[in-house]
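Residue numbers (my numbering), protein chains in the order written: chain U, 1 to 400; chain D, 401 to 754.
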């Protein structure tokens with residue numbers, strides 16, 4: 001029998017701040033955390049519009065924390081998630097996190113030292129291994145249990161949530177801490193810039209004049225427990241993780257399939273795993289990067305799954321508030337979806353006043369909307385390699 | 401009872417061999433000499449576009465060859481029911497170096513989009529999915545020396561639980577001078593000449609190599625007749641009877657002390673005296689692919705009756721099994737430990753009726 005999966009704690013740090021309250025406030029106010037920042041010493045494409053964690057939450061600059069920034073962000077979110085769930089250090093839980101590159105900025109510095117004949121710091125060998133931040137953070141917080149780092153590009157943390165969901169719902173474990181993290185690095189900005197996918201202004205998901213994404217950084221970790229395990233210790237759920245679906249497009253390494261094949265399949269599988277039909281979905285939190293291909297692909301998939309009802313389902317993308325946080329994107333979306341359900345608001349898709357008529361029937365909220373009870377939100381994340389994934393976040397049971 | 405899956409396809413590529421069929425003879429011929437480090441010529445998978453292959457990272461080409469071979473063996477090309485799980489350790493280091501070189505030499509505006517898109521960590525999964533037409537879903541996991549066994553365990557679980565009907569799972573590692581230098585800096589890299597045998601003296605560091613190995617797994621009941629099965633063990637308590645062979649992932653590196661402890665724990669439970677074999681004295685240290693090469697040897701022993709020589713061990717291990725060949729094995733236990741002491745066990749067994 002499938003076990004209900006409760007979300008009993010969240011830890012989050014992003015360009016919007018730290019913790020539930022700061023993120024809820026930012027969503028309510030329709031505030032963006034994007035700022036112009038010099039990542040390349042003033043050379044083009046500087047200044048990059050980025051979603052950088054504010055100084056008050058992360059006192060170290062990007063340069064100062066090059067080799068350990070991912071560790072610090074993950075550690076912050078992990079600690080906060082444990083506190084939020086009422087759990088102390090020294091617990092036993094699976095810990096599964098998604099990331100795209102770990103501490104890649106440290107690896108960039110390593111390459112740079114090697115090229116210039118400077119002695120390469122031997123400790124930098126750890127930056128070749130994206131699994132090291134999780135190993136360190138788990139140890140630092142005294143979490144014993146299975147550890148797994150997932151690198152499924154920008155779908156990484158949805159995959160981590162999905163794996164944890166499956167393990168708990170099948171009774172293979174009773175508690176997991178899952179989510180994702182990625183730190184700002186010039187490498188990732190240079191990479192997306194080389195693909196001509198970086199926007200010089202705040203991104204405009206689903207807008208007619210959308211022209212790319214803004215890089216961001218974040219860590220978001222969720223404490224997931226079986227209903228029985230949570231109830232046994234008197235923990236109350238913030239929400240439920242109700243379903244997960246994934247698919248591969250087998251279409252292109254970096255571009256999403258314009259037919260939306262992966263997202264459509266993932267969405268259908270997520271609904272099936274939640275035991276729900278399309279009618280059960282009250283809102284859609286889209287990946288919505290603001291690139292031509294991503295937004296089109298997601299729209300086509302939603303159109304196919306929800307049909308004419310799509311026009312009545314509020315949809316949003318929060319990339320224009322947080323930036324694209326890559327490996328953390330899915331888990332950050334999940335946290336913002338939980339806030340959406342708990343605070344009864346649909347976040348604004350900032351800067352996207354001029355919605356592309358191509359997306360007819362997609363009800364993108366361009367302003368913050370108050371809403372009645374939303375039972376379920378579908379939250380998507382798409383990644384390079386044709387990876388598509390959807391998690392279904394559901395309102396906590398009334399009697400919990 | 402321990403749950404198990406059937407292995408329906410195997411594909412591998414290494415500096416010394418690129419088919420399971422030739423593996424035992426090549427292994428015996430090396431006699432524990434220091435393994436070669438790089439694959440001279442990576443064969444093109446069937447129906448692969450040369451232009452796409454030229455753009456791929458070396459790591460991706462290795463993975464694609466091995467995965468394509470495994471999928472063709474298993475008959476799961478263009479399958480919406482087959483998932484993919486790829487295990488990696490260092491990823492595409494050489495292509496990322498190339499990306500950085502352009503960036504540092506000519507500025508961030510001149511960084512190569514081809515090097516970036518083919519250099520991301522999950523590029524091998526994307527390439528396998530696109531080339532083999534596998535769309536059920538999947539993920540790339542990153543870990544250290546035991547990552548391959550974890551990957552195969554995840555694949556088995558996903559098939560047993562019904563997430564995928566089949567799962568193509570494997571690991572890949574490319575030889576990179578940058579990575580080699582990094583390990584040399586911390587003293588883990590073996591600088592010495594042959595012979596290279598674990599447990600034959602003090603640990604001297606590992607011999608870095610490259611390669612890829614993939615398997616296709618399916619539900620036990622989907623396979624008829626002779627078959628080799630794989631069970632990921634969550635603890636040694638699940639070991640039912642003695643294995644005929646133990647395959648260790650010892651390589652002269654930091655994981656050896658945990659491999660040694662794991663071997664001792666297995667032997668303490670055994671009534672008989674299993675043979676102990678090592679894959680890395682032939683394949684070198686290939687991190688995420690390492691345990692999968694051990695798994696390929698296990699498959700070869702069980703499916704083909706292949707015979708591998710056992711080398712004499714350091715008496716310090718407390719088990720002086722004579723050097724001899726292994727014949728007629730029915731079960732093989734693969735041990736895979738990481739540098740941080742996390743150990744996975746995988747049991748391979750065979751069925752020859754039905």
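Cβ coordinates follow ideal geometry from the N, Cα and C atoms, glycine included.
- Within 8 Å of the CB of residue 193 of chain U, the CB atoms of chain D belong to 508, 509, 511, in sequence order along the chain.
- Nearest in C-alpha terms to residue 740 of chain D, of all of D:669, D:545, D:674, D:730, is D:545.
- Counting only residues of its own chain and dropping the five nearest sequence neighbours on each side, residue 400 of chain U has a CB closer than 7 Å to the CB of 236, 237.
- The beta-bridge partner set that DSSP reports for residue 182 of chain U consists of U:218.
- Using a Cβ-Cβ cut-off of 8 Å, residue 640 of chain D does not count as an interface residue toward chain U, since no Cβ of chain U sits closer than that to its own.
- Separation of residue 533 of chain D and residue 250 of chain U (C-alpha to C-alpha, rounded to the nearest whole angstrom) is 6 Å.
- Assigned with DSSP and collapsed to three states, residue 620 of chain D falls in helix.
- Judged by their CB atoms, residue 349 of chain U and residue 316 of chain U are nearer to each other than the 8 Å cut-off.
- Approximately 4 Å separates the beta-carbon atoms of residue 736 of chain D and residue 691 of chain D; this is inside 8 Å, confirming the contact.
- In this structure, DSSP gives residue 246 of chain U an extended state, which the three-state scheme calls strand.
- Leaving aside the five residues that flank residue 408 of chain D on each side, the residues in its chain whose CB is nearer than 6 Å to its CB run, in chain order, 474, 616, 618.
- A distance below 8 Å separates the beta carbons of residue 66 of chain U and residue 105 of chain U.
- Under the Cβ criterion of 8 Å, residue 675 of chain D is not counted among the residues facing chain U.
- Between the segment 341 to 359 of chain U and the segment 255 to 275 of chain U there are fewer than three C-beta pairs closer than 8 Å, too few to call the two in contact.
- Against chain U, the CB of residue 542 of chain D has a partner CB under 8 Å away; the residue lies at that interface.
- Taking the CA atoms as reference points, residue 190 of chain U sits about 36 Å from residue 481 of chain D.
- Leaving aside the five residues that flank residue 460 of chain D on each side, the residues in its chain whose CB is nearer than 6 Å to its CB run, in chain order, 523, 524, 527.
- By the CB criterion at 8 Å, residue 435 of chain D and residue 607 of chain D fall inside the cutoff.
- Here the alpha carbons of residue 271 of chain U and residue 245 of chain U stand approximately 8 Å from one another.
- For residue 575 of chain D, there is no enclosing beta strand (DSSP E), as DSSP gives it neither H nor E.
- Residue 541 of chain D and residue 515 of chain D have their C-alpha atoms spaced approximately 21 Å apart.
- The Cβ neighbour count for residue 440 of chain D, taken over all protein chains shown within 10 Å, is under 16; the residue is labelled exposed.
- Judged by DSSP in its simplified three-state form, residue 195 of chain U adopts coil rather than helix or strand.
- By the 16-neighbour rule on beta-carbons within 10 angstroms, residue 376 of chain U is buried.
- Between residue 573 of chain D and residue 686 of chain D, the CB-CB gap stays under 8 Å.
- The three-state secondary structure of residue 566 of chain D, taken from DSSP, is strand.
- Per DSSP, residue 118 of chain U lies in no alpha helix (DSSP H) segment and is marked neither H nor E.
- Taking the C-beta atoms as reference points, residue 418 of chain D is found nearer than 8 Å to residue 443 of chain D.
- If only uninterrupted beta strand (DSSP E) runs of at least 3 residues are considered, those enclosed by the segment 667 to 751 of chain D are 675 to 678, 731 to 737, 743 to 751.
- In this structure, U:30 is the residue among U:4, U:355, U:30 with its C-alpha nearest to the C-alpha of residue 345 of chain U.
- A residue is called buried when at least 16 other Cβ atoms come within 10 angstroms of its Cβ; residue 655 of chain D meets this threshold and is buried.
- Counting of Cβ neighbours within 10 angstroms places residue 294 of chain U among the buried residues, the total reaching 16 or more.
- Listed in chain order, the non-local C-beta contacts of residue 9 of chain U below 6 Å within the same chain comprise 81, 84, 85, 223, local neighbours out to five positions each way being set aside.
- Annotation: Cβ neighbours of residue 518 of chain D in chain U (cutoff 8 Å, chain order): 253.
- Residue-level contact by beta carbon fails for residue 631 of chain D and chain U, as no gap is shorter than 8 Å.
- Interface residue (Cβ-Cβ distance to chain U less than 8 Å): residue 477 of chain D is not classified as such.
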